[in-house]
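Going down the list, the protein sequences come from chains A and B. Each position in the first sequence, counted from 1, maps to that position plus 15 in my numbering. Each position in the second sequence, counted from 1, maps to that position plus 1219 in my numbering. Notes follow once the structure below has been shown.
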Amino acid sequence: MKKVISLALASVVMLTTLAACGAGNANTNSNSASNKPSSEAATNKPENGGTEEAAKITGDVVFLTNRTDMIDKQYADYEKRFEEKYPGVDLKFEAITDYDKTLKIRIASGDFPDVVFTPTIPNAELPNYFAPLDDIAFSGDIHFKDLKAQEGKMYGVSSGGSTVGIVYNKKAFEKAGITALPKTYDEFLAASQKLKDAGIVPLASNFKDKWPLDTWVYDIPTLIGGASDHQNKRAESDTPYTLDNAYGKSWGILRELYTKGFLEADVNSTNWEQSKKDIASGKFGMYLLGNWVINQVIENGAAAEDIGFFPFPSDNSGEAKAPLNPDFFYAVNKGGNVEAGKAFVQWMIEESGYDDFAGFIPTLKAKESKLPQLAEFNSFSPKFFEPASPLDAATQIQNKAQLDQAAVVQEFVLSKDPQKVLDKVNTAWAKAKKDLGQ
Amino acid sequence: MFSRLPFKTQKNFVIVGFVALPLLLLLTFAYYPALELIHLSFTSWDGLSPNKPWIGWSNYKEVFANPAIFGVFKHNFAYFAVGIVQNIAAIYFAVVLNSKLKGKNFFRLLLFLPYILNGVAVAYLFGYVFDTTNGSLNYLLGQFGFDALSKTSWLGNETFVNYTLASIGFWRFMGFNMVIYLAALQSIPADIYEAASIDGANGWQKFISITLPNIYKIIELNLFLTVTGALEVFDLPYILTKGGPAGSSETFVMKIIETAFQFNNYGLASAMSVVLLLFVVIVLSIQRFLLKGKGE
């Protein structure tokens, strides 16, 4: 027995020491990797060729990306083309999942890559970590200049924009006998009824996954209220969510679609990956999502010409409206290789072709998107709403109240008494507001 | 160089060397983070800023005062209830598979296999099983002619969504419990059973008077695992329901993660973690107290 115990002890000790070796190695590796940029930036400087302007920029630059799927594919091409233009720079990509959380932890540790997407932190904190990007000379005016700005300086450049509307399967519409695209809310309901009668699920809400409901929180209220600052305005009120304001109306639409049976048969059991295939095959008729989803539906087996895109008619006025939302913002680590980082951001916006690959509306205002569906969308000549620059006050209250708006939408739609749900949320809101002394 | 030192010094060297390393690892990777967690629970740290304002006990007050935070513990009850059933089933299968049964190794393997599968993979797998419109479970029910049952929304019903999720845990961990019971059963000497047979005891009497007392310690261990498991459920609801419908399958650990990483209230989240830790200690103390003295 004693022998067994000592054997077990010995093996446990061995295991932990081995584990220690592993951990130690990992540490030194990551250290050397993160130390590299600065040391090589110094040694590389004297010896490099290339064009005059580009030659000034040297060193390593590391871009932390969320697109794990592009590593060794598009990024390999980007690296080649970028380093051709800037021979003194060694561009590296690092892809991570769970981007926001991971990046925040790395920022808190004080050591993070040169170019990143801005994490979800208040704008007031941006200058603590990032370099101002105003001196990048873009070839034209850009969208979303003021969204990641603090005291007149811009700290983030949007990687592209997207709008939100109805992505639909033309074959499904044909099968249901819909000849004209709905321009008013009533026409939209009528079209949904036709789809339902034809055995097609009219609108894929992906209710269970929560995030697809964000459009009902951020975008549809913008269209209904005709202003994009509704999220900020909440900070001024003790009852930001009422049945007759933009939120109540927006969520009321979803609730109406739900009660009329225009959503999936069981909204609590939806499957995002499957829904893309079902839209592609015409089993589902429509999505209310951003234009970024179009390429994904096409990847899932739809012919590109079968997928259309039109503005969501939120009322009966017949006037087309649409939000214009930024995607992730590039930001440059102020403690990293700033010059090369800026060059990379400019190159990504102007030359990489990433916006077309990702199906974005280009950040440069003058540049046209190559996506045919966006041309169809624009043929409705919608009035675009650019987002208002966010105020921290509302976000602070929301975090203090631990309010997950998409979850509230779910509760609002499923509940027998939506007013009660709003009352509960408003009470929590008012309390958090009072606790923060606002 | 060591060979010249006296035996006692050599021995001490080895002892200190062997003890220091694991202790150091334990301190850096377990105790230091734990102390830091307790420290953070008294601050209102937002996860980023260098200063961590000290705010005393107010995080703890918030945890207990806010029903939206503490109330989710009742969702964990389903996992606890199913966990008890799971242990009973595990003992049953262990007893059956400990007897002279043909192909018992095969059955043991079959029951143990789910435990080896990755938790996230299991969650996705059951996502397909419990899907309302395309799921295999509802399809099966439909084929058997239970038309009304075959439209059940297994993961969308507020009253039993937690039991649906807990049943996945049952499938996954029952085999693991069973293997532990099996090991305990095999250590019971066969002559006790023989003696009991000679005295005329039937199977049930043998189970109650011999088997159960002999595996009491192991039942306690398995209950410990079940209770902590029930309190710390996370992966299944996180992947399958995202806490829905309308928050009815949210668990305490999900809430902690949400608090920290979505709402940036790291201080409050730390306090919640400490409360969870205390909760586990309290529940286990109660369990120890109730089972005390038996099977000694």
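Here a beta-carbon is modelled for each residue, glycine too, at the ideal position from N, C-alpha and C.
{"Item": "Rounded straight-line distance, which links the Cα of V1304 of chain B to that of V1315 of chain B", "Value": "17 Å"}
{"Item": "Simplified DSSP state of K382 of chain A, which is helix, strand or coil", "Value": "coil"}
{"Item": "DSSP beta-bridge partners of G218 of chain A", "Value": "Reading the sequence as shown, one finds Leu at residue 218 of chain A and not Gly. Note: L218 of chain A sits in a beta bridge opposite A:M301."}
{"Item": "Interface residues of chain A facing S1372 of chain B [CB-CB closer than 8 Å]", "Value": "D281, N283 and S284"}
{"Item": "Any non-hydrogen atom of the ligand ADP within 7 Å of N138 of chain A CB", "Value": "As presented, the structure is devoid of all ligands, the ligand ADP included, so that no description of it is given."}
{"Item": "Exposed unless 16 or more other CB atoms sit within 10 angstroms - verdict on I412 of chain A", "Value": "buried"}
{"Item": "Cβ-Cβ separation, K357 of chain A to V347 of chain A (assumed contact under 8 Å), whole Å", "Value": "6 Å"}
{"Item": "contact_flag[the region 1407-1425 of chain B, the region 1253-1264 of chain B] where n(CB pairs < 8 Å) is 3 or more", "Value": "no"}
{"Item": "Spatial distance of S430 of chain A from S1468 of chain B (CA atoms)", "Value": "16 Å"}
{"Item": "W1373 of chain B and T1383 of chain B closer than 8 Å at C-beta", "Value": "yes"}
{"Item": "Check whether F1292 of chain B and F1453 of chain B have beta carbons under 8 Å apart", "Value": "no"}
{"Item": "C-beta contact flag for V1493 of chain B and L1256 of chain B at 8 Å", "Value": "yes"}
{"Item": "C-alpha distance - A1403 of chain B paired with S1386 of chain B, whole-angstrom precision", "Value": "25 Å"}
{"Item": "S47 of chain A (DSSP reduced to helix, strand or coil)", "Value": "At S47 of chain A the pLDDT is 37, less than 50, meaning the model places this residue with poor confidence and gives no usable figure here."}
{"Item": "Member of B:L1450, B:T1460, B:Y1279 and B:M1473 whose CA lies at the smallest distance from the CA of V1500 of chain B", "Value": "B:L1450"}
{"Item": "For A337 of chain A: DSSP bridge partner residues", "Value": "A:F399"}
{"Item": "6 Å CB neighbourhood of L196 of chain A in its chain, flanking five on each side removed", "Value": "F325"}
{"Item": "Rounded C-alpha distance that separates A152 of chain A from K71 of chain A", "Value": "16 Å"}
{"Item": "DSSP bridge partner residues for Y1279 of chain B (one or two, in chain order)", "Value": "Answer is none; Y1279 of chain B lacks a bridge partner."}
{"Item": "Exposed unless 16 or more other CB atoms sit within 10 angstroms - verdict on P217 of chain A", "Value": "buried"}
{"Item": "For F1345 of chain B, the nearest candidate out of B:S1428, B:F1443, B:P1456 and B:F1237 (CA to CA)", "Value": "B:P1456"}
{"Item": "Best match in B:L1495, B:G1338, B:V1398 and B:T1447 for proximity to L1329 of chain B [C-alpha to C-alpha]", "Value": "B:V1398"}
{"Item": "Own chain residues within Cβ distance below 7 Å of D342 of chain A, not counting five before or after", "Value": "S173, S174, G175, G176, S177 and F375"}
{"Item": "G323 of chain A - DSSP class collapsed to helix/strand/coil", "Value": "strand"}
{"Item": "Reduced DSSP secondary structure (H/G/I, E/B, other) of K168 of chain A", "Value": "strand"}
{"Item": "A1239 of chain B classed as buried or exposed, judged by whether at least 16 other C-beta atoms fall within 10 angstroms", "Value": "exposed"}
{"Item": "Chain A within 8 Å of P1464 of chain B, Cβ atoms only", "Value": "yes"}
{"Item": "C-alpha distance - T117 of chain A paired with G171 of chain A, whole-angstrom precision", "Value": "19 Å"}
{"Item": "Bridge partner(s) assigned by DSSP for Y1311 of chain B", "Value": "Looking at the DSSP assignment, Y1311 of chain B forms no beta bridge with any residue, so it has no partner."}
{"Item": "Cβ-based burial, N1441 of chain B [other Cβ within 10 Å; buried from 16]", "Value": "buried"}
{"Item": "Cβ neighbour criterion (16 or more within 10 Å) applied to P236 of chain A", "Value": "buried"}
{"Item": "Coil, strand or helix - V77 of chain A by DSSP", "Value": "strand"}
{"Item": "Alpha-carbon to alpha-carbon, E251 of chain A and K1271 of chain B", "Value": "28 Å"}
{"Item": "Simplified DSSP assignment, three categories, for N247 of chain A", "Value": "helix"}
{"Item": "Of the residues B:N1353, B:P1333 and B:S1268, the one placed nearest S290 of chain A, counting alpha carbons only", "Value": "B:N1353"}
{"Item": "For L418 of chain A, the nearest candidate out of A:S220, A:V436 and A:F159 (CA to CA)", "Value": "A:V436"}
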